[in-house]
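The next block holds one structure in the form of structure tokens; read it before the comments.
Numbering (the UniProt record's numbering), first residue to last: 1 to 274.
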């Protein structure tokens, strides 16, 4: 039961982080990009508040991955988009339309299916050498190509890829003693991937609104981690409920993407009339 509480708390912290980082990133007046922009924003108190929320969400999700399958943890974390919308309404005066409420219901239904189908389990161990090679190469590629990526959707999708590496590597080491993580190479790769993903997220948030940006990122992460977790890490499903997972993941992914699309459409008339 502890894993489920950690997952719920992580979604709340992620949502608070998304809202704070969105406001801070979009008000930043800087021509730098990537890690340079991230370094500048780390001096912004509001961004630090959002970053703290992301760190707390990551820590809680990390603990949840010790016993819960990735398809559930990442789907639960992706519901932070819906919570971020609710926080935006309460704190920033965002407007919520009936279509967005319907989408949040769809996401909630998908999450319920995943909770009902999930079976707690410990992930397969990944040997350090192959793990560094297999997961380190995508992170290195993301660092090298960042300066040539400009669009909001590609930036958000690549942030999702980086955070997928974070989820996969942390799932393989989360069940070990926490003090030993300091000496585990995959733990350091997890932190590097998180930093790279954060830099992509900052750039995406500067170029587009928070909800569609987070939706694209989360949809990418959920799909990649769900497939890898079930196929390679030994994530378990309650017998006879395999289709619950397929439908649940599809509903959550469709929900975050529809929520992002609805937010983008809602902002178009405002831009056109400006």
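Think of the CB as a built atom: it goes at the ideal place given N, C-alpha and C, for glycine as much as any other residue.
What distance in whole Å lies between the Cβ atoms of residue 248 and residue 75, which are believed to be in contact at a cut-off of 8 Å?
The count along the chain shown starts at 1 and reaches residue 75 at position 75. The count along the chain shown starts at 1 and reaches residue 248 at position 248. Residue 75 to residue 248, Cβ: 7 Å. Contact.
Would you call the region 78–93 and the region 121–137 touching, i.e. three or more CB-CB distances under 8 Å?
no
With DSSP run on the structure shown, which of helix, strand or coil describes residue 241?
The residue labelled residue 241 in the question sits at position 241 within the chain shown. It is coil, neither helix nor strand.
Given this structure, state the Cα-to-Cα distance separating residue 118 from residue 182, to the nearest angstrom.
Here residue 118 refers to the residue found at position 118 of the chain shown. Here residue 182 refers to the residue found at position 182 of the chain shown. The alpha-carbon atoms of residue 118 and residue 182 are separated by roughly 30 Å.
Span of the alpha helix (DSSP H) around residue 198:
Here residue 198 refers to the residue found at position 198 when the chain shown is read from its first residue. Run containing residue 198: 185–207, per the alpha helix (DSSP H) assignment.
Take residue 3 and list the residues in its own chain whose beta-carbon comes closer than 6 Å to its own, dropping the five residues that flank it on each side.
On the chain shown, position 3 is the one that residue 3 refers to. Answer for residue 3: 64, 67, 68, listed in chain order.
So, residue 82 versus residue 152, is the Cβ gap smaller than 8 Å?
The residue given as residue 82 occupies position 82 in the chain shown. The residue given as residue 152 occupies position 152 in the chain shown. Not a contact, by the Cβ cut-off of 8 Å.
Taking contact to mean at least 3 C-beta pairs separated by less than 8 Å, is the region 98–107 in contact with the region 228–241?
no
For residue 165 and residue 97, what's the separation of their Cα atoms in angstroms?
Along the chain shown, read from residue 1 onward, the residue named residue 165 stands at position 165. Along the chain shown, read from residue 1 onward, the residue named residue 97 stands at position 97. C-alpha separation (whole angstroms): 34 Å.
Can you give me the start and stop residues for the alpha helix (DSSP H) that residue 177 sits inside?
As a first step, residue 177 is located in the chain shown; it is residue number 177 there, counting from the start. Neither: residue 177 is in no alpha helix (DSSP H) and is coded neither H nor E.
Does residue 236 come out as helix, strand or coil in the three-state DSSP assignment?
Residue mapping note: residue 236 aligns to position 236 of the chain shown, counting from 1. Strand.
For residue 111 and residue 159, I'd like the C-alpha separation in whole angstroms.
Here residue 111 is taken as the residue at index 111 of the chain shown, counted from 1. Here residue 159 is taken as the residue at index 159 of the chain shown, counted from 1. Between residue 111 and residue 159, the alpha-carbon positions lie close to 22 Å from each other.
Nearest CA to the CA of residue 173: which residue from 193, 214, 124, 206?
Sequence index remark: in the chain shown, residue 173 carries index 173 (1-based). Selected option, being the one with the closest Cα: 124.
Rounded straight-line distance, which links the Cα of residue 240 to that of residue 220
To locate residue 220, count along the chain shown from 1; it is residue 220. To locate residue 240, count along the chain shown from 1; it is residue 240. Roughly 26 Å separates the two Cα atoms.
Since residue 119 sits in a beta bridge, which residues does DSSP pair it with?
Working through the chain shown from its first residue, we reach residue 119 at position 119. Paired residues: 236.
The alpha helix (DSSP H) that contains residue 86, what's its start and end?
Here residue 86 refers to the residue found at position 86 of the chain shown. Residues 80–92.
Report the three-state DSSP secondary structure of residue 67 (helix, strand or coil).
Locating residue 67 in the chain shown gives position 67, where the first residue counts as 1. Looking at residue 67 - three-state DSSP - the assignment turns out to be coil, as it is neither helix nor strand.
Just checking my contact of residue 20 with residue 50 at CB under 8 Å: how many whole Å lie between their CB atoms?
One-based indexing of the chain shown puts residue 20 at position 20. One-based indexing of the chain shown puts residue 50 at position 50. Yes, residue 20 and residue 50 are in contact; Cβ-Cβ is about 3 Å, under 8 Å.
Tell me which residue opens and which closes the alpha helix (DSSP H) that residue 171 is part of.
To locate residue 171, count along the chain shown from 1; it is residue 171. Looking at the DSSP string, the run of the alpha helix (DSSP H) that includes residue 171 is 152–173.
Reference residue 188, options 157, 131, 254, 16, closest by Cα
One-based indexing of the chain shown puts residue 188 at position 188. Answer by Cα proximity: 131.
Which same chain residues end up closer than 6 Å to residue 121 when comparing Cβ atoms and leaving out the 5 residues on each side of it in sequence?
Translated into positions along the chain shown, residue 121 becomes position 121. Here the set comprises 236.
Residue 14 and residue 80 look like a contact to me (Cβ under 8 Å); what is the Cβ gap, rounded to whole Å?
Taking the chain shown and counting its residues from 1, one reaches residue 14 at position 14. Taking the chain shown and counting its residues from 1, one reaches residue 80 at position 80. Confirmed, Cβ separation roughly 4 Å.
Check whether residue 171 and residue 70 have beta carbons under 8 Å apart
Translated into the one-based positions of the chain shown, residue 171 becomes position 171. Translated into the one-based positions of the chain shown, residue 70 becomes position 70. Against a cut-off of 8 Å, the Cβ pair of residue 70 and residue 171 comes out as a contact.
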